Ligand code: PBG
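Numbering (my numbering), first residue to last: 2 to 326.
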């Protein structure tokens, strides 16, 4: 069918028609809201490069979670700022570490909130790398045991799901084994399967105080130039027992989201990261973009590319708007 017989504009004439043929939707059920937790009481400190994002002490984390639940945001992912850092990142897997305490408190006070934990060492090591350092390099195999210990300690605290973000080879199977050996068969792993060495994480590293003290993460995170390699990474994580495959960042890597969608049957998540959030906020603060519309369009585009789940700092404001607020 060709013009003038076929006119695509016929079905765009009003919102009812447009809504009828809309192929993609976003709802708060698709979103995971990242939260930063730190020691102390009464702390609610805004992250300078991420307006609207706060570092919270556990008391305020509970308040925040209740508010989110009220808005229909029912899933959070937690990042922790420890009391102190050391070379082995020991607070990452301490029984009374900041995340372990936060998870216990959340599951106790806000049991309906789904709580996923980020599993990584970079916020807990004094050198800021995602594993242990041996001769100035991140040692893959030595890090696996600590990552598995971290994931297990989160599950013991009551985490509903664990999300390894370190990009060490073999960590998904190591974590799966540790969980299964300890009767946590039901705890899924959302693997940061395809995580690029991206400059878009800058504001997050302010928020979580996790910038590497020497070098960078290109020795373990993926080269932004590579797409076929993403398929190999995802294949490995599937074989090792991942339940959900994540791509990170989101918008600059929508081609990767779309490729994963085509090639894998597992649910796909995409992480709309701190730098993507900061760009929207900065432009909006200058009056250069309409924030609400840009956020809606961004989340829609990530879903259209094939993501089932979106991790985003915009979750709460999106939900408020979705509810008509
Ligand atoms: C920890 C981790 C990072 C992010 C999520 N988990 C930072 C990094 O890898 O440097 C980034 C999230 C964001 O930018 O919003 N490894």
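Just so it is clear, CB atoms sit at the ideal spot from N, CA and C, and this is done for glycine as well.
What you are looking at is a predicted structure, and each value in this text was computed from that prediction instead of being measured.
Could you work out which residue in the options is closest to residue i when comparing CA atoms only?
i	options	result
residue 310	292, 324, 192 and 240	192
residue 167	218, 128, 207 and 138	218
residue 81	170, 288 and 151	151
residue 325	232, 78 and 72	72
residue 135	89, 111 and 115	89
residue 321	20, 17, 56 and 69	69
residue 115	77, 246, 7 and 247	77
residue 317	113, 75 and 245	75
residue 258	288, 287 and 302	302
residue 201	268, 250 and 23	250
residue 61	41, 49 and 185	41
residue 100	157, 111, 44 and 256	157
residue 106	15, 65, 138 and 146	65
Quick one: is the Cβ of residue i within less than 7 Å of any heavy atom of the ligand GTP?
i	result
residue 276	As far as ligands go, the structure on display features the ligand PBG and does not contain the ligand GTP.
Taking the beta strand (DSSP E) that residue i falls in, what are its first and last residues?
i	result
residue 78	76-81
residue 273	269-273
residue 33	32-38
residue 55	51-57
residue 45	45-48
residue 139	138-140
residue 26	It is not in any beta strand (DSSP E) - residue 26 carries neither H nor E in the DSSP assignment.
residue 163	162-165
residue 312	310-313
residue 226	Unbroken run through residue 226: none, as it is neither H nor E.
residue 192	191-196
residue 115	115-120
Excluding the 5 residues flanking residue i on each side, which residues of the same chain have their C-beta closer than 7 Å to its C-beta?
i	result
residue 173	165, 190, 192, 238, 241, 242 and 243
residue 129	123, 211, 212, 213 and 214
residue 356	For residue 356 there is no data in the structure shown, the boundaries of the chain being 2 and 326.
residue 86	125, 126 and 127
Could you pull the start and end residues of the alpha helix (DSSP H) that residue i belongs to?
i	result
residue 204	203-209
residue 247	Taken as a continuous stretch (DSSP letters only), residue 247 belongs to no alpha helix (DSSP H), being part of the beta strand (DSSP E) at 245-249.
residue 176	172-182
residue 126	Element bounds for residue 126: n/a, residue is neither H nor E.
residue 103	99-110
residue 297	292-306
residue 261	255-264
residue 238	229-241
residue 317	316-323
For the ligand PBG, any of its heavy atoms closer than 7 Å to the Cβ of residue i?
i	result
residue 131	yes
residue 69	no
residue 166	yes
residue 90	no
residue 355	The shown model of the chain, from 2 to 326, leaves out residue 355, and the question about it has no answer.
residue 202	yes
residue 206	yes
residue 211	yes
residue 140	no
residue 119	yes
residue 123	yes
residue 229	no
residue 218	yes
Closer than 8 Å by C-beta to residue i: which residues in its own chain qualify, once you throw out the five before and the five after it? Chain order, please.
i	result
residue 314	34, 35, 51, 53, 54, 273, 275 and 278
residue 282	51, 52, 53 and 292
residue 264	232 and 235
residue 224	197, 198 and 230
residue 1	Any question about residue 1 goes unanswered here, given that the chain covers just 2 to 326.
residue 222	168, 196, 197, 198 and 199
residue 84	40, 92 and 99
Report all residues from its chain with a CB closer than 6 Å to the CB of residue i; omit the five preceding and five following residues, and keep chain order.
i	result
residue 149	175, 176 and 179
Three-pair Cβ contact test at 8 Å for the region 198-210 versus the region 271-284: yes
Three-pair Cβ contact test at 8 Å for the region 104-122 versus the region 144-163: yes
Any 3 or more C-beta pairs closer than 8 Å across the region 133-149 and the region 95-104: No, they do not touch.
At least three beta-carbon pairs within less than 8 Å, the region 169-189 to the region 142-150: yes
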